[in-house]
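Colleague: Provided herewith is a single structure, encoded as structure tokens, for subsequent inquiry.
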Amino acid sequence: MMEFDIAKTLQDVSGQVMSEMGEIGSTFAGELGKAFADKEQSLIELSTAYLQGELDESELKQELEREQKVIEAQLITLEIAAKAAIQKAVNGVMNGLTATLKSAL
């Protein structure tokens, strides 16, 4: 198993998604980063469990969906941007994380 830095991965994927979203992404990039930082420990634990074979892909996706709802709720309450934009951004980050984890196996 290759060395895997979840914090760097989240930062890289978040930055990529934000740049793809253009101006609306930069509007709430800081808040998105803060929301993911708040959940970083949970995401590290889930990622580690997946990479060590304690979770299968289906279980990983289920857990990430739960985390995604928490992050979306945190951002939506801030009313920084439209819900659809937030969902797109969070979904993009989660998809990037999943793809990176799968390639790390």
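Every position in the sequence shown, counted from 1, becomes a number in the numbering used here once 117 is added. Beta carbons: idealized from backbone N, C-alpha and C, even for Gly. Quick caveat, the model's predicted, so the values are computed rather than measured.
Specify, as a first and last residue, the run of the alpha helix (DSSP H) that residue 127 falls within.
Modeller: Working through the sequence shown from its first residue, we reach residue 127 at position 10. Element bounds for residue 127: 123-138.
Colleague: By the 10 Å Cβ neighbour count, where 16 or more other Cβ atoms means buried, how is residue 181 classified, buried or exposed?
Modeller: Here residue 181 is taken as the residue at index 64 of the sequence shown, counted from 1. Counting Cβ neighbours within 10 Å, residue 181 comes out buried, since at least 16 surround it.
Colleague: What does the Cβ neighbour count give for residue 206, buried or exposed, with the cut at 16 atoms within 10 Å?
Modeller: For the purposes of this step, residue 206 is taken as residue 89 along the sequence shown, with counting starting at 1. Classification of residue 206: buried, given that the 10 Å Cβ count is 16 or more.
Colleague: Which class does residue 222 belong to by DSSP, given the choice of helix, strand or coil?
Modeller: Here residue 222 is taken as the residue at index 105 of the sequence shown, counted from 1. Three-state result, residue 222: coil.
Colleague: Could you tell me the alpha carbon to alpha carbon distance between residue 150 and residue 192, rounded to whole angstroms?
Modeller: Position 33 of the sequence shown holds residue 150. Position 75 of the sequence shown holds residue 192. Cα-Cα distance, rounded: 10 Å.
Colleague: Between the Cα of residue 131 and the Cα atoms of 179, 213, 174, which residue gives the shortest distance?
Modeller: Here residue 131 refers to the residue found at position 14 when the sequence shown is read from its first residue. Considering only alpha carbons, the answer is 213.
Colleague: Is DSSP giving residue 169 helix, strand or coil here?
Modeller: Position 52 of the sequence shown, counted from the start, is the residue given in the question as residue 169. It is coil, neither helix nor strand.
Colleague: Here's a check: name, in chain order, each residue in its chain whose Cβ is nearer than 8 Å to the Cβ of residue 178, leaving out the five neighbours to either side.
Modeller: Mapped onto the sequence shown, residue 178 falls at position 61. Same-chain partners within the cutoff: 215.
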